[in-house]
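K.L.:
Encoded as structure tokens, here's the structure I'll be asking about.
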Amino acid sequence: MESEVNKIVQKLEEFKIEVDKQLNKVDSQFNKVDGQFNRVDGQFNVSKSEVNERFNRLEEKLNQIIKMIEEKK
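Plus 37 on top of the position in the sequence shown (first one is 1) and you've got our numbering.
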């Protein structure tokens, strides 16, 4: 009886080790995807910033044109 319990305990320990290995693989894959997401998010933020800068420059130019037109009236 005790040897059967020991066998079951041994099998459970082996199973736990295998589950831990699989969880580590999943965790590693998640970290890779998370890293990729962070890179894309960073690129998006740079692009968004560039678009905002361009928009602000255009807005300034338009305001200058409007001011010139108003001054000529």
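The C-beta atom is built at its ideal place from N, Cα and C for all residues, glycine as well. Here the structure is a predicted model, which means the values were calculated and not measured.
(1) Where do the N-terminal and C-terminal ends of the alpha helix (DSSP H) with Met38 fall, by residue?
(2) Tell me the rounded alpha-carbon separation between Lys69 and Phe81.
(3) Measure the C-alpha to C-alpha separation of Ser84 and Asn93 and round it to an integer number of angstroms.
(4) Alpha carbon to alpha carbon, what distance is there between Asp78 and Leu49?
P.N.:
Taking the definition as stated:
(1) Here residue 38 corresponds to residue number 1 of the sequence shown, with the count starting at 1. Note, Met38: premise wrong, no alpha helix (DSSP H); not H, not E.
(2) Reading the sequence shown from its first residue, position 32 is the one you call residue 69. Reading the sequence shown from its first residue, position 44 is the one you call residue 81. In a straight line, the C-alpha of Lys69 is about 18 Å away from that of Phe81.
(3) Indexing the sequence shown from 1 puts residue 84 at position 47. Indexing the sequence shown from 1 puts residue 93 at position 56. Using only the alpha carbons, I get a separation of about 14 Å.
(4) For the purposes of this step, residue 49 is identified with residue 12 of the sequence shown, where counting begins at 1. For the purposes of this step, residue 78 is identified with residue 41 of the sequence shown, where counting begins at 1. Cα to Cα, the separation comes out at about 42 Å.
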